[in-house]
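Scroll down for the structure; my scribbles are underneath it.
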Amino acid sequence: MRGLVKIALIQGCCLSFVREVSRLREERVNMSMSIRGLKTGVATAAIMTCSCVMVVTSAQAGGFALREQSSVGQGASFAGVAAGTSLSSVYWNPSTLTGVSGVNTESVFTGVIPHTDVKDIQTTPAAYSGLGNPGDVGLDAFIPSSYSGMQLTEDLFVGLSVNAPFGMATKAENPSATSFHAATAEIFTTDVKANVAYRINKVFSVGFGVGATYGKVRMTSAPGGNGLELKGDAWAPTFSAGVTITPFEGTIIGIGYRSETQLDLDGTEYYSPLGRTPITADLDLPQSVTIGLRQTVTDRLTFLAGFEWAGWSSVKDPIIIQGSALNNQLHLGYEDSWFASVGGEYQFNDNLTVRSGLGFEKSPIPTEHRNLRLPDADRVWASFGASYNVNDRFGIDVGYSHLFIKDDVSVSGSNAAGAYTAVADSSADIVSASLRYQWQPEPLFENDEPFDRQY
């Protein structure tokens, strides 16, 4: 409830800002669109952006990061996304906001269908093995994200974005041989960020974003036959920054940075014989750097490439749960990871563009720390997608990815109830669609000489 109240306050601030901008525009500029129409468009953009706060998540990037923030990026395995020309590229690089003129919104809807089968379980004590396998522990997920952008002048842009940057959800059949170690695991995050970008000249654009992330964690197990639940939540400040470089006509290079998020979780531990105990824990979600390239090959063909580094070693040390009656700790032991992808776009005509891409992702979870809560492993992304402009203002993007995750990876764990080893096979299918709308094609405050960043 606290999270929703804070989101409502942010939404109120957004709408107040929109009203003030519209008032100034009426006094200073004579635009082609009516004031009433502009206010409706921009206010709708803010409402659409601030409304996507309820997210059911399932980790489909390294660790429990969620890369599914753009349908355009999804269709090319996120190759070149940090140098992208869609509004959703601001997630990785806020300076790309300068590539979308006028007043715009983009709403992204992504469905994730993971498959994680756990088998060949061996437990100590051996009696637990008779309870059977946990089955498919992956849970289907729906991940929305939303973006709005306003071009104030020819060179100054502002926007708002709402995303779910991290999350996961796994649930084993209960009872099973592993219920005493990991019955369910849920991580939920929502990130709300205000973005500003400035076009310095025809070569350089810079941008930054400031916001807050809400995080909620819940984990359950059944040690010794008694229920155990750990849960907590927190808010934390976040920021992002980026630069876009167009050194030559047809070449766009983007570099983006997303900050580490330090969540100081407050919550409770519930253990059925002892009742509820207040607990605290620190969870540092990783920072990341993303590099993207868009290179025009012909008038219709564009080459895409991307690379991302994520600092997952921020959760390498054990997470100490202060106040735990059972002296619980979370031994994650993650390592820094990376993701690389290449792809291409082909523009059939003014309305239709198709794209495809391949990517490889190095998992941050080493074998000795891989467990049933998140049996993550190295993976290959294969994707394709398309964009279609219905008219001058409205467009639709779609993207599909299949994740080929390393087979037969070992998982293991131990606690006071005993120990286990098992084998996990995983894959995933991801379908994404987005709706784009341009409420106004011109800046709110016009200059005499228009400027096209992409020549």
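Here the sequence shown stands for residues 93 to 547, numbered as in the numbering used here. Don't be surprised by glycine CBs; every beta carbon is placed ideally from N, CA and C. Quick caveat, the model's predicted, so the values are computed rather than measured.
Closer than 7 Å by C-beta to residue i: which residues in its own chain qualify, once you throw out the five before and the five after it? Chain order, please.
i, result
"Thr459", "Ser502"
"Gly487", "Ser479, Tyr480, Asn481 and Arg528"
"Gly548", "No answer is possible for residue 548: it lies beyond the span of the chain, which begins at 93 and ends at 547."
"Asn443", "Tyr480 and Asn481"
According to DSSP, simplified to helix, strand and coil, what is residue i?
i, result
"Pro186", "helix"
"Gln379", "coil"
"Val407", "helix"
"Gln166", "helix"
"Thr388", "strand"
"Ala256", "coil"
"Thr245", "coil"
"Gly191", "helix"
"Leu536", "coil"
"Glu352", "coil"
"Leu396", "strand"
"Thr459", "helix"
With which residues is residue i paired in a DSSP beta bridge?
i, result
"Arg310", "Glu278 and Lys323"
"Val204", "Ala233 and Ile522"
"Leu450", "Val434 and Ala474"
"Glu198", "Tyr239 and Arg528"
"Gly359", "Gly324 and Ile371"
Using 10 angstroms around the beta-carbon of residue i, count the other beta-carbons present and answer buried if the total reaches 16, otherwise exposed.
i, result
"Pro535", "buried"
"Thr338", "buried"
"Glu341", "exposed"
"Ile235", "buried"
"Gly398", "buried"
"Pro370", "exposed"
"Gly367", "exposed"
"Lys211", "exposed"
"Phe249", "buried"
"Arg392", "exposed"
"Pro206", "buried"
When you compare each of the options to residue i by their alpha carbons, which one comes out closest?
i, options, result
"Ala514", "Ala168, Gln166, His461 and Ile344", "His461"
"Ala289", "Tyr438, Glu437 and Gly191", "Gly191"
"Ala261", "Trp531, Phe331, Arg310 and Ile292", "Arg310"
"Asp209", "Asp500, Ile383 and Ala525", "Asp500"
"Arg485", "Arg465, Thr197, Ala277 and Lys211", "Thr197"
"Phe156", "Leu466, Arg447 and Ala326", "Leu466"
Residues in the same chain with beta-carbon distance under 6 Å from residue i, minus the five sequence neighbours each way, listed in chain order, please.
i, result
"Ile552", "The structure shown does not extend to residue 552, since the chain is modelled only from 93 through 547, so no value can be given for it."
"Gly165", "Val173"
"Ala333", "Phe300 and Tyr349"
"Arg291", "Thr190, Asp247 and Ser297"
"Ile446", "It is worth fixing the name first, because residue 446 is Val in this sequence and not Ile. Within the same chain, Val446 has close Cβ partners Tyr438 and Ala478."
"Ala525", "Ser163, Phe201 and Val490"
"Asp325", "Lys308"
"Ser187", "Ala289, Ser297, Val298, Gly299, Gly334, Val335 and Thr336"
"Leu320", "Ser313 and Tyr363"
"Lys294", "none"
Between which residues of its own chain and residue i is the CB-CB distance below 8 Å, once the five residues before and five after are set aside?
i, result
"Asp376", "Glu352, Thr353, Gln354, Leu355, Ser406 and Val407"
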